Amino acid sequence: MIDRLVIVGVGLIGGSVALALRRAGQIGHIVGIGRTPGNLAQALAHGVIDEAADDYARGVAEASCVLLAVPVGQIAGVLARIAPYLPENAVVTDAGSTKGGVAALARRHLDRRLPMFVPGHPIAGAEQSGVGAAQAALFQGKDVVLTPLPETDSSAIAQVRGLWQACGAVVSQMTPEAHDRVFAAVSHLPHLLSFALVEDIAGKENASQLFHYAASGFRDFTRIAGSSPEMWRDICLANRQALLQELDGYRGQIDRLRQALATEDGAALEAVFDRARAARNRWLDNQEPSRDET
């Protein structure tokens, strides 16, 4: 049970956490802080939060837990603003998609409160944003990765683990560095490629014709290009080193496919397609349908 949860960024993720905890009966009072008054007003009107705070000092003054549900590019500013006003035993966690940079920011800004910081990443989302897209079941059966620091207190980890479990999530742990390598490959790179393909098609002289004939394959491949540009800009920059490595590896794969096409090497193309199909089928056989991520 969390007595007083402060959510900085009451959008899809923050709003869904609030709704899930209410449904589970594991929350007392929820305070929302955000940069868009209209979004906070909507959150109040729909009962997502109990109170909207217009400044960080008042908002976090009595918090038992603070969730930073803002794009990773905003976390530094938020940590700097809340650090002087955090209660001694308040647990702080985040929902950012990169963790190495967030850990460094926490060390810079939280000082003696660092043991109460638990970095986290819910592997859930949707193309829509804002509190209007929030849903109580968003995290049901989804993975949440916690990446505690060596300094993190075990009681803080337990509280954040309990928060996500109350939301219906499956919680695991890894280091921030391991997290960023994994998600550069299976999340950040796919988003980059999806945005790039749509940008490429949109820039062609016959773009309207191409989009007219694009069907389910194009739709499925580019679904994630409908995600928040601001959020994914911040994610790509925050995890740029791991993402550059993945991008270089993918470029090598593209070069090999190009060579096979140029030399009319059908056997090489089929071999790649066959290995890829087999690997994807093995993954799907072990994949829970509810664990799809944006």
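With the working numbering, letter number 174 in the sequence shown gets 178, and the count goes up by one each step, no holes. From the three backbone atoms N, C-alpha and C, an ideal C-beta is built for every residue, glycine too. Computed from a predicted model, the values in this text were never measured in an experiment.
Item, Value
"Within the stretch 159-199, note down every full beta strand (DSSP E) run reaching 3 residues or more, in order along the chain.", "174-177"
"Going by DSSP in three states, SER294 sits in which element: helix, strand or coil?", "Unreliable positioning characterises SER294 in this predicted model, as indicated by a pLDDT of 45, which lies under 50. A coordinate reading is not provided."
"Answer yes if the stretch 84-95 comes into contact with the stretch 127-146, meaning at least three C-beta pairs across the two stretches below 8 Å, and no otherwise.", "no"
"Quick one: give me the first and last residue of the beta strand (DSSP E) that PRO126 is part of.", "124-126"
"Which residue's Cα is closest to the Cα of GLY13: ARG165, GLY32, ILE31, ILE79?", "ILE79"
"Can you confirm whether the stretch 193-207 touches the stretch 63-78 when touching is taken to mean that 3 or more C-beta pairs between the two stretches lie within less than 8 Å?", "no"
"Which residues bound the alpha helix (DSSP H) around HIS33?", "That residue, HIS33, is in no alpha helix (DSSP H); its beta strand (DSSP E) goes 31-37."
"Is the beta carbon of VAL122 closer than 8 Å to that of PRO152?", "yes"
"On the criterion of 16 or more Cβ atoms from any shown chain inside 10 Å, does HIS50 qualify as buried, or is it exposed?", "exposed"
"Quick check: the Cα distance between ALA162 and SER176, rounded to an integer number of angstroms?", "12 Å"
"I need the DSSP call for LEU48, collapsed to helix, strand or coil.", "helix"
"Does DSSP classify VAL106 as helix, strand or coil?", "helix"
"Within the same chain, show all residues whose beta-carbon is closer than 8 Å to that of HIS33, passing over the 5 residues directly before and after it, in chain order.", "ASP7, ARG8, LEU9, ASP54, GLU55"
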